[in-house]
Each structure stands twice: as C-alpha cells, then as structure tokens.
Amino acid sequence: MRAEDLRIDMLLEVDAREGVRFAGERALILDAVAMGMLRKQLVEMLGLAGARAVLTRFGYAHGWRMAEAMRTGFQWSSDAEWQAAGGLIHTLQGLLRVRLEDNDPLASRGVTVEDSYEAEQHLLHLGRTESPSCWTQCGFGSGYLSRAAGRPIYVLEDRCVARGDAACHFAGRTLEEWGSQLEEHLPYFQGEVLDASLHQVASALKRTERKLRERARALEQVVGEPEGPGGLVARSPGMRRVVDLARRAARSEATVLVIGESGTGKERVARLVHEESARAAGPLVAISCAALTESLLEAELFGHARGAFTGATHERVGLLEAAAGGTLFLDEMGEMPLGMQAKLLRALQEREVRRVGENHSRPIDVRVVAATNRPLAEEVAAGRFRKDLYYRLRVVELTVPPLRERREDILPLAQVFLVDAARQMGRAAPGLGTDVADQLQRHDWPGNVRELRNAMERAVALSRGPRVELEDLPEDVRVALPAPALTGAVRTLEELEREYILAVLARNGGNRTRTAQELDIGATTLYRKLKSYERESRRRKR
C-alpha cells in the first residue's frame, strides 16, 4: 500500500455503542477551540516554556503510537510509504493540511503546511507570538518519524502563521544533522523544561500558601478573626444580610443583580456568589459595560468570525462562551446601550449566542451576575433601560450598603487593608491608635470601601512607627468632624451649636479667625458667642 491511497474510511470506525476508533485504536473527538482553551490554561499555569514542553511530549507520544498502529494495521509497499503516511494522518485528523507532493519533512526543503489548527488556536486565545507555536505538531512528527525510521528524529518549526508568517514550515533531522541548532529545542523533547516549570509552579504555590497563612495570622492578631466568606468583612447587620442572601442565591442558577454605590465592593459580592456556587470550579469572567463602545462590547460578549469587520484577522470566542461552566460578571450594567440590551436579553433567554459575522447560533452554559451603581428602576421609568431585561437580571437583587451605613465594618476593613498594604510593601503592619480609629469612624467615606483601602495604603506608606498617626491620613479624613447622633435626652439647638463651634475651634488649635472663616460667620459674631460660653461656664461653676 502507498501513502497516497490512504483514505479516512480505512482508518475511522464509528459505532453507536462502541464509540470511535482510529487506525484500530480508541479515539476521542475534541473540539479545536476546547483544545485552544486548554493551551491557554497551560500557558497561564506553566508559562510558554512549560506549556510547550507538555504539548511537545504529548504530541511525541501520539505520533509514536500512531506509527505503531499504522505499521500493524496496513501492509506498506515500503518503509518510505509508511513514513510518508504520517503527514497524511495530520490532514485526516484535522490537525493541519499537507500537500501530498510535499509530504517529506526529511527532505532538504522540509514541508510547508496550511491551516494548522495550533497556529489558529494560539492566535485566537493568546495572540501573535514571537516564535513558532505548533508544538504538538513538532512532537507528533518527531514521534511518528522516530518510530518509522528506527532512530531519533527531531521535527522543528521555523516559520509559523502564529508568528505572522504566510504559512507554517517544518523540517525533520537527526541529532547529528541538526547539530548546534537543536540545542535550545532538545530540552522540550526530553522533559527538562517541563520538570523545571513544574518545580517553579510548585515553588510559587508554596510561596502563595505561606503568604496566605501569614496574612491569616496577621489578620487574627489585628482584627481578632479572619475575613468572612469571599474575603468580605461583614460585621454590620446590613452587610451580614447581603452575605447571607448571596450565599443562598449561590446555591441556585438564578441570575443575580448587585446594586450599590461605586466602591462598595459589588465585585466581591459577585465573586462570593461564584465561589459558593456549583460553578466554582469554572471561570469567573468579568467585563465593564462602560469601558467599550457598543460594537466592541458586542464583539467581546458574543465573539466574532474571521473577517467580520476591519481588523478581525481571526475568529474569536466571546465571553459568554469563554465563561462556559462558570460565571460572567457584567459590571456597570446600567451603562449598556439599549441595542446591546436587546441582544443580551435574547442570549439569556435562548441560552445561545450568535457571533458577529456568523449566521448560526451556539449554545452557552453560563451564569450571569450583573452590577450597577445606577437606580435601574428609575432608568426603566426614564426609558434608558429595558424593563424586560431589568426583570430578567433581578431574579435575586442584592443591595450593598455604602460604608457610611455600615460603621461597624470600618475598623475591621481598615485593619485588613493595613495588613494587605504592609505585605505588598514588605513592612510590618502598623496598628491604629484610638485617635486615628475615632477619626476613621467620623469620616463619611463618599468613595466607600475603595476610598478606605487607598487611605490605608497611604497610611502604611507614610507611617514612621508601629502606629498610624493622624498626619498619615488623607486631609479630608483627618479633618472630618463628628457626625451628629441622637443619644440620650434631646438637646436644644443652642447646645448643639455650642458643642459644634467649640469642636471646630479645638481642631483649629484655638485660631478664632480660621474658625470663623470655616463656619462662615463674622469674627465679631464668633467672639460674642465665645464670650457667652465663658460666662455660662463661670456661672455653672458657682
């Protein structure tokens, strides 16, 4: 038999009960995009070198076993035909396309191939690369040819579509024929790079685990107890209710709408919903609906086909697909244009998406958590937000209270942020003095939790000793006055005015001119009031 006579019906056996066999061996049918996502995960976890080592060795084993199966399953007219069949196997398995007349990687000119799935998927998930990326194909060719030739053969790629070349090009040589050119590539075939990468990953995991333990111990020392679920601090009744509702909502597949002012921690609540759900093992993908134009937002959410618009040089998976098995977090939902709202509503109802530039739909398996700082009910009444989408999103509605309404959380949050900032700066976490703690609770925190975090980072950066001083706080926090509160018996307005004027005077170090300016009253008026306070004080002492 000759290689050119090989056909797919000779290799592929499909049985409704037994499954699929290829060249007599059990086979798996895997989606190319899923393999591309695996490649992306390997790169993110092991780095480019580690991922290349894994895929090269995987390809080598695949090629070696395929050569054995082809040897035992067919009668070849010569070893050269058996060897040439390897290139055709690539095409029949959908890995790439090799021209039959250019099917010998051992030839001096090598092999130029078209439509490599690896190059396509690398571009799709990781973008353009600086070096050839068809690692599995190099491994497959090396394994197949080594088994067929009876001696080690190494296939390398010197041109690749993922690098910007017009086509992918491979060549196979022995160790001696490659000479010094093989030195930098040989470790990927022998496992040295993979072993080194796995060692680095293990070391990084140990470092991370050690930092988490140190952080937990530090928090227990300064806060008295570790953070709550999802990294949330919830001492106040309002925040405890939010956490309880979020955890209960997480057990279902219900869509969740998180409402709250900017900086209150809406994304943390969304992360809690994800981590407490059955989808915790899947990805949590986040996007800000306010950061992109309508056309770009559509392409990001739904994906696009190659050539769908100018600059779409390759197809792209949308976030609704990429978050498969996990959660999609739509931040700033109130900023989404009306046109996009209609498309998102249809996707959520039909559980399918249509990529930009395509005419067929794809199923999706994703849970959506949306967040906004806008009052969506008012936006609906004003015609700026679709009523049907609003009710589709707020199956469960969580309202995160602003920090000024959860005073019990201010100091525990401040301590957490002090520990985080100190760890990042490589310093010991400073403590909070009584005066600083009082001042933090006096401030209204219009920027909410985000403002508090920034204030604590500043405090760590500026503190000179083991405690944060008032001068280490931002100006607006440092000068905050006590908030009026109704405690005990009701007092007259005259008594409240007296207490407030004296507090401002004390803050200004007794400077009456500055005090009058801040109170927006005349200096004469201030002097008269202070005199009356002195007389009242002397009268009471008698």
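The numbering used here numbers the first residue of the sequence shown as 96 and each following residue consecutively. From the three backbone atoms N, C-alpha and C, an ideal C-beta is built for every residue, glycine too. All of these numbers come straight from a predicted model, not from anything done at the bench.
Cβ-based burial, residue i [other Cβ within 10 Å; buried from 16]
i: Thr405; result: exposed
i: Asn543; result: buried
i: Leu591; result: exposed
i: Ile248; result: buried
i: Met105; result: exposed
i: Glu629; result: exposed
i: Leu270; result: exposed
i: Gly245; result: exposed
i: Ser558; result: buried
Identity of the residues DSSP links to residue i by a beta bridge
i: Thr494; result: Ile354
i: Cys229; result: The partner list for Cys229 (beta bridge, DSSP) is empty, contrary to what the question assumes.
i: Asp426; result: Ser383
i: Ala466; result: Val353
i: Cys263; result: Val208
i: Asp100; result: Note: Asp100 sits in no beta bridge, so no partner.
i: Gly526; result: Arg562
i: Gly114; result: Asp110
i: Gly360; result: Per DSSP, none; premise fails for Gly360.
i: Glu447; result: Pro458
i: Tyr239; result: Beta-bridge pairing links Tyr239 to no other residue.
i: Val328; result: Paired residues: none, contrary to the question.
Straight-line gap, residue i to residue j (C-alpha atoms, nearest Å)
i: Ala417; j: Leu527; result: 44 Å
i: Gly355; j: Gly236; result: 57 Å
i: Arg623; j: Arg366; result: 58 Å
i: Ile103; j: Ile124; result: 14 Å
i: Pro332; j: Thr619; result: 47 Å
i: Arg537; j: Glu473; result: 31 Å
i: Ser211; j: Gln444; result: 36 Å
i: Glu546; j: Trp540; result: 7 Å
i: Glu278; j: Met551; result: 51 Å
i: Glu453; j: Val511; result: 48 Å
i: Arg457; j: Ser173; result: 46 Å
i: Ala162; j: Ser226; result: 28 Å
i: Arg374; j: Asp100; result: 48 Å
i: Thr359; j: Pro496; result: 7 Å
i: Gly189; j: Met130; result: 12 Å
Closest residue to residue i among the options (Cα-Cα distance)
i: Val364; options: Gly398, Glu492, Ala400 and Gln285; result: Glu492
i: Val475; options: Asp515, Pro497, Glu430 and Ile505; result: Glu430
i: Pro569; options: Leu240, Asn549 and Glu225; result: Asn549
i: Glu362; options: Ala407, Val461, Ala465 and Leu240; result: Ala465
i: Glu393; options: Lys438, Leu277 and Ala345; result: Lys438
i: Leu535; options: Pro507, Arg518, Arg411 and Gly521; result: Pro507
i: Val109; options: Glu427, Ala554, Leu101 and Arg121; result: Arg121
i: Ala575; options: Leu219, Arg602, Leu597 and His409; result: Arg602
i: Thr467; options: Leu415, Thr408 and Ser383; result: Ser383
i: Gln519; options: Gly168, Ala556 and Lys135; result: Ala556
i: Arg258; options: Cys229, Ser241 and Glu278; result: Cys229
i: Ala524; options: Arg609, Pro497, Arg553 and Asp460; result: Arg553
i: Thr494; options: Val572, Val337, Gly605 and Leu415; result: Val337
i: Ala156; options: Leu327, Arg242 and Glu225; result: Arg242
i: Ala127; options: Pro200, Leu219 and Glu113; result: Leu219
i: Arg562; options: Met140, Arg192 and Ala532; result: Ala532
i: Pro378; options: Val461, Arg634 and Val351; result: Val461
i: Pro432; options: Leu414, Pro470, Phe480 and Gly238; result: Phe480
i: Arg268; options: Val206, Arg223, Gln216 and Ala442; result: Val206
Subject >> Within the stretch 529–608, ranges of the alpha helix (DSSP H) (whole runs, at least 4 residues) >> reply: 529–537, 543–557, 570–573 and 588–602
Subject >> Any alpha helix (DSSP H) of 4 or more consecutive residues that is wholly inside the stretch 116–198 >> reply: 127–168 and 174–187
Subject >> Minimum length 3: unbroken beta strand (DSSP E) runs contained in the stretch 389–426 >> reply: 422–426
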